[in-house]
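J.:
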Amino acid sequence: MDLKTLPALTALSDKVAIVEIEQIKVVRIIHEKAIAGIALHGGHVVSYKPAGQEDLIWMSKKAIYDGKTALRGGVPVCWPWFGRIASPAHGFARVHQWSLIQHKENDHGVIIELGLNPSLQSLDIWPFQFNARLIIEVGDELQITLDVTNTDDKSWTFSGALHTYLNVSDVRNTTITGVGPEYFDNLQDSAQFKSSNILQLTSAIDRVYTKPESHIHLQDSGYGRRLGIENQGHNSAVLWNPWRHGATNIQDMADDGYLTMMCIESSIHAATIEQGKELKPGDSHQLKTRLSVH
Numbered sequence: 000m001d002l003k004t005l006p007a008l009t010a011l012s013d014k015v016a017i018v019e020i021e022q023i024k025v026v027r028i029i030h031e032k033a034i035a036g037i038a039l040h041g042g043h044v045v046s047y048k049p050a051g052q053e054d055l056i057w058m059s060k061k062a063i064y065d066g067k068t069a070l071r072g073g074v075p076v077c078w079p080w081f082g083r084i085a086s087p088a089h090g091f092a093r094v095h096q097w098s099l100i101q102h103k104e105n106d107h108g109v110i111i112e113l114g115l116n117p118s119l120q121s122l123d124i125w126p127f128q129f130n131a132r133l134i135i136e137v138g139d140e141l142q143i144t145l146d147v148t149n150t151d152d153k154s155w156t157f158s159g160a161l162h163t164y165l166n167v168s169d170v171r172n173t174t175i176t177g178v179g180p181e182y183f184d185n186l187q188d189s190a191q192f193k194s195s196n197i198l199q200l201t202s203a204i205d206r207v208y209t210k211p212e213s214h215i216h217l218q219d220s221g222y223g224r225r226l227g228i229e230n231q232g233h234n235s236a237v238l239w240n241p242w243r244h245g246a247t248n249i250q251d252m253a254d255d256g257y258l259t260m261m262c263i264e265s266s267i268h269a270a271t272i273e274q275g276k277e278l279k280p281g282d283s284h285q286l287k288t289r290l291s292v293h
């Protein structure tokens, strides 16, 4: 995805503009530190390319940019639930239109703040009042913060994830460390297993690591780089790659798309919404992920 070649619909500054990818408006950042794109549909980061690097973010070549469908790739904002514990899968935030609240710039990068509030559609799905803010900091590193506040007069529970698709040269030539000592395997009826210190993929993976270290690293020998993933406000790290058989059953992913992506997600995982994290009226919670390259 070459964001630089897209014409600006609205120039917010010499570094920030609104562009369009098919039916979706995207906040484009062209800064000395990095180039990035954030779709207002879903509040979805679609690209983050630090200076001198390949994109850290993977987007499917078959992603559907119709402004209705959840985007395949990038960093989906899964909220107020994660997974298929309710409908739509992964919550409604990733298919709702977010508003651009403000942007800030300095020598270190650009900060974009987006907002999402209840709509008739969201209230029909999930009957609670809330205020959600997404703060995306683009510079030498990429930090995404999902900040949610309960503006209702009663408590509610939620789960969620920042569902990061990392761009890799070939997932078979990567190693992952820092995921922690144990996980639940969604491909084996959520059975619990012990984990090795170094993970190298040879088949499909869909795991919830329940005690991840503060920093997870992915070593990519093909791109000659080491990606750092630092998560906060989470209770788990989810790792996912559908492998070839899974990819062939995903409409908006190429059959070989699995080779160049790896999901390492900052997640608040729960078996049901009711078992999720509780927020009392007026309380807030932040879920964060920070991506770096070495």
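In numbering that gives the first Met the number 0, the protein residues as written are 0 to 293. Using N, Cα and C, we set each Cβ at its ideal position, and we do this for glycine too.
Select from G72, S59 and G73 the residue whose C-alpha is nearest the C-alpha of A253.
T.: That would be S59, whose Cα lies nearest to the Cα of A253.
J.: Here's the rule: buried if 16 or more other CB atoms are within 10 angstroms of the residue's CB, otherwise exposed. What is H89?
T.: buried
J.: Within the chosen definition, does the region 104-119 reach the region 135-144 through at least 3 CB pairs nearer than 8 Å?
T.: yes
J.: Skipping 5 residues on each side, what residues in its chain have a beta carbon closer than 6 Å to that of P211?
T.: Contacts found: V178, G179 and A236.
J.: Say whether the region 9-29 touches the region 64-76, bearing in mind that this needs 3 or more beta-carbon pairs closer than 8 Å, one atom from each stretch.
T.: Verdict: yes, contact present.
J.: Among I124, E104 and I100, whose alpha-carbon lies nearest the alpha-carbon of R304?
T.: In the structure as shown, the chain begins at 0 and stops at 293. Residue 304 is therefore absent and cannot be evaluated.
J.: What would DSSP say about Y257, mapped onto helix, strand or coil?
T.: helix
J.: If you measure between the beta carbons of V147 and T259, is that distance less than 8 Å?
T.: Here V147 is not near T259, since their CB atoms are 8 Å or more apart.
J.: Go through the region 212-261 residue by residue and report every complete run of the beta strand (DSSP E) that reaches 3 residues or more, in order.
T.: 214-219, 224-231 and 235-240
J.: Can you give the Cα-Cα distance for V44 and W239, rounded to whole angstroms?
T.: 18 Å
J.: What is the rounded straight-line gap between the Cα of I294 and the Cα of L2?
T.: Absent from the model: residue 294. The displayed extent of the chain is 0 to 293, so no value can be given.
J.: Count the CB pairs spanning the region 151-159 and the region 265-275 that are closer than 8 Å, and state whether there are at least three.
T.: yes
J.: Can the beta-carbon of L200 be found less than 8 Å from the beta-carbon of L165?
T.: no
J.: Going by alpha carbons, who is nearest to I28 out of G42, H40, D13 and G41?
T.: D13
J.: Report all residues from its chain with a CB closer than 8 Å to the CB of I197; omit the five preceding and five following residues, and keep chain order.
T.: Here the set comprises T174, I175 and T176.
J.: Within the region 171-210, note down every full beta strand (DSSP E) run reaching 3 residues or more, in order along the chain.
T.: The DSSP assignment places 173-176, 181-184, 190-193 and 204-208 as complete runs of the beta strand (DSSP E) inside the region 171-210, in order along the chain (cut-off: 3 residues).
J.: State the CB to CB distance for the pair V74 and T144, rounded to an integer number of angstroms; the pair is presumed to be in contact (CB under 8 Å).
T.: Actually they do not touch by this definition, with Cβ atoms about 12 Å apart.
J.: In three-state DSSP terms, what is I37?
T.: strand
J.: T209 and F183 look like a contact to me (Cβ under 8 Å); what is the Cβ gap, rounded to whole Å?
T.: 7 Å
J.: Mind checking which residues open and close the alpha helix (DSSP H) that includes D123?
T.: L119 to I124
J.: Would you check if the distance between the CB atom of Y47 and the CB atom of L55 is smaller than 8 Å?
T.: yes
J.: Among S213, V18 and P49, which one has its Cα closest to the Cα of T288?
T.: Distances from the CA of T288 to each of S213, V18 and P49 were compared; the closest alpha carbon is that of S213.
J.: Going by DSSP in three states, K279 sits in which element: helix, strand or coil?
T.: coil
J.: What is the rounded straight-line gap between the Cα of V170 and the Cα of P280?
T.: 43 Å
J.: Can you tell me where the beta strand (DSSP E) holding V137 begins and where it ends?
T.: F129 to V137
J.: Using DSSP with H/G/I as helix, E/B as strand and the rest coil, what is I29?
T.: strand
J.: Measure the beta-carbon distance from S121 to F81 and round it to whole angstroms, keeping in mind my assumption that it falls under 8 Å.
T.: Contact between S121 and F81 is ruled out by a C-beta separation of about 16 Å, above the 8 Å threshold.
J.: Rounding to the nearest angstrom, what Cα-Cα distance links Q250 and L115 in this structure?
T.: 28 Å
J.: Kindly list the residues whose CB is nearer than 6 Å to the CB of H206, restricted to its own chain and excluding five residues on each side of it in sequence; keep chain order.
T.: Note on residue identity: the sequence assigns Arg, not His, to residue 206. Excluding residues within five positions, the ones whose Cβ falls inside 6 Å are Y182, D184 and L238.
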